[in-house]
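Residue numbers (this note's numbering): 830 to 1053. Just so it is clear, CB atoms sit at the ideal spot from N, CA and C, and this is done for glycine as well.
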Amino acid sequence: MSSVRRKAYLEAMQIDTWRRRGSPSPSPVPAQLAPAVAQSADWAELERLVAGCRRCALCETRRHTVFGVGDRRASWFVVGEAPGAAEDRQGEPFVGRAGQLLNAMLRAIGLGRDQVFIANVLKCRPPNNRDPLAHEAAACLPYLEQQLALVEPRLVLVVGRIAAQNLLATDAPLARLRGRVHRRGDAGPPIVVTYHPAYLLRTPSDKRKAWEDLKFAREVAERG
Ligand code: SF4
830 MSSVRRKAYL EAMQIDTWRR RGSPSPSPVP AQLAPAVAQS ADWAELERLV AGCRRCALCE
890 TRRHTVFGVG DRRASWFVVG EAPGAAEDRQ GEPFVGRAGQ LLNAMLRAIG LGRDQVFIAN
950 VLKCRPPNNR DPLAHEAAAC LPYLEQQLAL VEPRLVLVVG RIAAQNLLAT DAPLARLRGR
1010 VHRRGDAGPP IVVTYHPAYL LRTPSDKRKA WEDLKFAREV AERG
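Okay, here's the thing in structure tokens:
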């Protein structure tokens, strides 16, 4: 990506200046073992399972399940928390303003939305956008785990505290999860955590830190 284009995207994220930081050292996190309901499913089977899923009560209030979108052979896999109202209506993750900011964040590191795979921990919207309950996340996580297994990304970028805590089985605050490489198990891809775009819309002063996270994630992905 040319410096001119990168500058344009950074401006779209309303980040004015660049700042370097030291290379954080890898710090593994213990793996979480979730039920293996979908462990051997291929894409078609997985889509069928999610579309008809009634493993938790969110099936009663959803309009659409939100399976995930993007390149099924992508190097980057973006994980969010759960569908919001627009996502529930459209059946697609990260639409609306937060989705546009996520797209700008990806473009800032040279990636189009269609070059990554994007999915949430929860495939159904929690009413009134409340935080996912522990048993809902536990019920839904196997779908995400199988998506990760099928895509085999080089890097997982987790956006937001809720997604990170569920995926990494931790209650650590976001500040302690950023700037490090996490893994789920020995063979899993590296996982890097950053802010959720919806949070960045509310707190633009943290966009600079998100940009640092994205550069770090790119370094980790390039390292392999
Ligand atoms: S949130 Fe996940 S586990 Fe719950 S009904 Fe939806 S797809 Fe099934």
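Pull up the CB-CB distance for residue i and residue j, whole angstroms please, since I reckon it's below 8 Å.
i	j	result
P1018	R983	6 Å
I1020	V985	4 Å
P922	V879	Not confirmed; about 12 Å, so no contact.
L887	P955	6 Å
When the Cα atoms are used, what is the spatial distance from residue i to residue j?
i	j	result
Q976	R901	9 Å
P1033	Y1024	11 Å
A966	A1039	25 Å
Y1028	F946	21 Å
A937	L1006	22 Å
D943	D1035	26 Å
D1042	Q994	17 Å
V1049	A978	19 Å
G920	V1010	31 Å
L930	R1037	13 Å
R1052	K1044	12 Å
G941	G897	15 Å
Y1058	N957	Because the chain in this structure spans residues 830 to 1053, residue 1058 falls outside the shown range and cannot be described.
L935	R990	19 Å
R1012	E974	13 Å
C953	E889	10 Å
P1026	A1016	29 Å
E1055	A1001	With the chain represented from 830 up to 1053, any question about residue 1055 goes unanswered, as that position is not in the structure.
E1056	Q868	Outside the shown range of the chain, which is 830 to 1053, sits residue 1056, and nothing can be said about it.
G1014	G899	25 Å
L996	N949	10 Å
W1059	H893	Past the boundaries of the shown model lies residue 1059; the chain is included only from 830 to 1053, so the question cannot be answered.
For residue i, which beta-bridge partners are listed by DSSP?
i	result
V1010	V1010 pairs with nothing; no bridge assigned.
F906	F946, V985
G899	F946
G1020	In the sequence as presented, Gly is not what sits at residue 1020; that position holds Ile. Looking at the DSSP assignment, I1020 forms a beta bridge with V985, H1011.
Cutting at 6 Å between CB atoms, please list the residues of its own chain near residue i, excluding the five before and the five after it.
i	result
Q861	In this predicted model, Q861 has a pLDDT of only 38, less than 50, meaning its place in the structure is not dependable; the value taken from the coordinates is given anyway. These residues qualify, in order along the chain: A998.
A1022	Note that residue 1022 is Val in the sequence shown here, rather than Ala. Contacts found: V987, A993, L1006, R1007.
V907	V945, I947, L986
S852	With a pLDDT of 37 at S852, under the threshold of 50, the modelled position of that residue is not reliable, and no figure is offered here.
G881	none
Leaving out five residues on either side along the sequence, give the residues of the same chain with a beta carbon under 7 Å from the beta carbon of residue i.
i	result
A915	V924, G925
A903	Q944, V945, F946, V980, P982
L1030	R926, A927, L930
R891	D917, C953, R954
Hey, is residue i's beta-carbon within less than 9 Å of any beta-carbon in chain D?
i	result
R942	Protein chains in the displayed structure number just one, and chain D is not present.
So, for residue i: in the same chain, excluding its five sequence neighbours on each side, which residues have a beta-carbon less than 8 Å away from its beta-carbon?
i	result
L951	L887, E910, A911, P912, P961, E965, A966, C969
D871	L979
Tell me whether residue i, by its Cβ, gets closer than 8 Å to a heavy atom of ligand 2.
i	result
L951	Annotation note on ligand 2: not contained in the displayed structure, which lists ligand 1 as its ligands.
Stretch pair the stretch 911–919 + the stretch 951–964: three plus CB contacts closer than 8 Å: yes
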